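Chains as they are written, first to last, in the working numbering: chain U, 366 to 766; chain C, 7 to 271. The beta carbon of each residue, even a glycine, is placed where N, CA and C say it ideally should be. Every value quoted in this text rests on a predicted model; they were computed, and no experiment measured them. What follows is a short report on a single structure.
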Ligand SMILES: Cc1cc2nc3c(=O)[nH]c(=O)nc-3n(C[C@H](O)[C@H](O)[C@H](O)COP(=O)(O)OP(=O)(O)OC[C@H]3O[C@@H](n4cnc5c(N)ncnc54)[C@H](O)[C@@H]3O)c2cc1C
Ligand SMILES: Nc1ncnc2c1ncn2[C@@H]1O[C@H](COP(=O)(O)O)[C@@H](O)[C@H]1O
């Protein structure tokens, strides 16, 4: 068992450690800090103790695997509706840096049917993959957990990558969770930062937790490989495409039959909106301040001119003014557009959790004290029903639309 | 039908405040709640029981105080609840948690359906559901926004999954594991009678031994990931410029600023 040890004699009772604990596991008893069962051994308190009274006794796990057998950085090349997802290219860009830092190759992992794999493999190479591991089968035409997981597990077991990265999309998160469990290895979800520890050469994964209120850096124990993570779309920029690049394609076929796949996709009902929130470069969102379903009209008009997607706060969704698909926030979608325009949204901590990392935030709100202004790049105090039509008009003029 | 629901107690992030001086989380007075997505999971199980008959078994793994979320589950009508709690589970990451939950579900035995929330709002990983399904060797249907049909005789289920671009309608064999999103239902409130009953109920605690867990697969020992540092996110750059003056001036100014970004095409 790991243990958090607090040296009673050294502890000065300064209480620095108490707010540092993300789990509320520390308290004061008779003038010294004590720890309770909520402790997860994260070590956040260890660093803040000014007198070094706290130590974390980590149980060293005996390395049972041959680490040197695991090489290369793999990026899962996700595709949907005949198109590779941008996040896969973004990850190829970031993966290049990681591969250079560990001194290994950057590879793509591509699963699909005959029609798609050749073209997608070429694209992966154009965006930087030196090698692409391809598993081809009609069962892999569309993403399904069973066939994809089997394909990935077979490839990973055979070729032993050191690091495997997936986009933190609905597909990537469904997929990675299964693959990691089957391989019994670590998986860090929804990362926003990756780097290589200069000493150990292990992957350091940074991600938000508690609705974005804290950040955590996570390592995988050395006796688990590969190190795996899902990474949020749009955190890393797209690398340049170069179609003259050459790369190696390694092909495998999937040993699986249709009756071994336990799910069948019956149909796909496309969302009503033309632009989807997660991919959107610009989002115009409405909250309780829009006052009713008709209140989304000026929002939609502005969105139309800007080719933007329409978002909403939970208050607007719960009032039944707009469907849940549009909800941004902790219990909705996490978005990261270039521009987020929040109209009649107060900016609760849960709403912020879903949009705080947008490049530019514009807030339009009647109440100058609304918390949204604290995170806004530009704030306008005013009635959205007056401001929005003026904005729409002005943009129309400038854009000639 | 026999349904197992996994729920987690999480800190209420509405209460979470940041100390402006130290930039750390203020945990004092933060209440714990049932993970909001898990309330939809419980509700969906209750709705299915009303339609198809059967039992709803609710599981939580956590410290002793997590018993509160189980009391709520009893109050809204769960048939049986289990607190999976043991010092040996401390420090479990998603791999170890999914293992412990799957062992508990195996102990309950013969379930037709397992329902989890889409994700827990403290960790936001959305990994435990797929992990449990994989350990149990049953298909997983994530992000479910609607159950269209269940056929217990043919052991089939048809659901709608809410994805980025729309809804995917999928058929799967049973038993299966679902993770549900908020859109799926409207959770009920407990009745007075339910609350009274729950207050009196004895809630069984299952230890690592009770569920037959391999000690190398739980707690820190069974957790490949290791949190090495926790810190406050950087404050948002971009200073926050309030545009002041008449709207006739502000609007063109704002449009200029946004056009300058080159993001608008
Ligand atoms: C567990 C949990 C999860 C949650 N998850 C989410 C989530 O995912 N997403 C989310 O958004 N919320 C979420 N919430 C809810 C959140 O706490 C807030 O209640 C919600 O975000 C408030 O929405 P709002 O800003 O639209 O409404 P309000 O807070 O009521 O704000 C409305 C704002 O509109 C302004 N306004 C009114 N009229 C006008 C006008 N004519 N012109 C301009 N401004 C006007 C007002 O000044 C006010 O600031 C969650 C809550 C909990 C407890
Ligand atoms: N400790 C736990 N006890 C019971 N269920 C859990 C626990 N942790 C996670 N879950 C379930 O798994 C879902 C996803 O959690 P997570 O992977 O932590 O985001 C939750 O909505 C719960 O249904």
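Item	Value
CB-CB under 8 Å to residue 256/C, same chain, minus the five flanking residues each way: which ones, in chain order?	249, 250
Is the Cβ-Cβ distance between residue 47/C and residue 13/C less than 8 Å?	yes
Going by DSSP, what residue range makes up the alpha helix (DSSP H) through residue 720/U?	714-720
Count the other CB atoms, across all protein chains shown, that sit within 10 Å of the CB of residue 219/C; report buried if there are 16 or more and exposed otherwise.	buried
Between the alpha carbons of residue 634/U and residue 510/U, how many angstroms are there, rounded?	19 Å
Since residue 459/U is in the alpha helix (DSSP H), which residue starts that stretch and which ends it?	451-467
If we call anything under 8 Å between Cβ atoms a contact, is residue 482/U one with residue 475/U?	yes
Please indicate yes or no: does the CB of residue 731/U lie closer than 7 Å to some heavy atom of ligand 1?	yes
Within the continuous alpha helix (DSSP H) that includes residue 544/U, where are the two ends?	535-548
Starting from residue 612/U, trace the alpha helix (DSSP H) in both directions and tell me its first and last residue.	Per DSSP, residue 612/U belongs to no alpha helix (DSSP H) and is neither H nor E.
Say whether chain C places a C-beta atom closer than 8 Å to the C-beta of residue 407/U.	yes
Cβ of residue 155/C less than 8 Å from any chain U Cβ?	no
Residues of chain U with CB closer than 8 Å to the CB of residue 112/C, please, in chain order.	Neighbours of residue 112/C on chain U: none; closest Cβ ~15 Å, over 8 Å.
May I ask whether a heavy atom of ligand 2 can be found less than 7 Å away from the beta carbon of residue 92/C?	no
At which residue ranges does the stretch 111-167 of chain C contain complete beta strand (DSSP E) runs of 3 or more residues, listed in the order of the chain?	119-123, 146-157
Can you tell me the Cβ-Cβ gap for residue 108/C and residue 142/C, rounded? I've got them flagged as a contact below 8 Å.	5 Å
At a threshold of 7 Å, does residue 689/U count as lining ligand 4 (C-beta to nearest heavy atom)?	Inclusion of ligand 4 in the displayed structure is not the case, the ligand content consisting of ligand 1 and ligand 2 alone.
Cβ of residue 150/C within 8 Å of Cβ of residue 10/C?	no
For residue 77/C, name the three-state secondary structure that DSSP assigns.	helix
Taking the C-alpha atoms as reference points, what is the distance between residue 767/U and residue 651/U?	The requested residue 767/U is not part of the displayed model; chain U covers only 366 to 766.
In this structure, does DSSP put residue 729/U in helix, strand or coil?	strand
What residues of chain C sit near residue 580/U, judged by a beta carbon separation below 8 Å?	236, 237, 238, 239
I'd like the list of long-range same chain contacts for residue 15/C, defined as Cβ closer than 6 Å, with 5 residues on each side in sequence excluded.	38, 68, 72, 75
List the DSSP bridge partners of residue 570/U.	559/U, 583/U
Assuming residue 477/U is part of the beta strand (DSSP E), what are its boundary residues?	471-477
For residue 602/U, count the other beta carbons within 10 Å of its own beta carbon; 16 or more makes it buried, fewer makes it exposed. Which is it?	exposed
Can you give me the Cβ contacts of residue 100/C inside the same chain, cut-off strictly under 7 Å, excluding the 5 residues immediately before and after it?	131, 133, 134, 137
Out of 643/U, 750/U, 699/U, 632/U, which has the shortest C-alpha to C-alpha gap to residue 165/C?	632/U
Can you pull the chain C neighbours of residue 739/U, defined as C-beta to C-beta under 8 Å?	246
Counting only the same chain and skipping the five closest in sequence on each side, list residues whose C-beta sits under 8 Å from that of residue 561/U.	463, 466, 467, 567, 568, 569
Verify the contact flag: residue 193/C, CB atom, against every heavy atom of ligand 1, threshold strictly below 7 Å.	no
Under 8 Å between the Cβ atoms of residue 390/U and residue 403/U?	yes
Step through the CB atoms of chain C and report whether any lies within less than 8 Å of the CB of residue 542/U.	yes
So, does the stretch 713-725 of chain U touch the stretch 209-224 of chain C, judging by three or more C-beta pairs under 8 Å?	no
Can you check which of these residues, 450/U, 544/U, 594/U, is closest to residue 643/U by C-alpha distance?	450/U
May I have the straight-line CA-CA distance separating residue 526/U from residue 169/C, to the nearest angstrom?	29 Å
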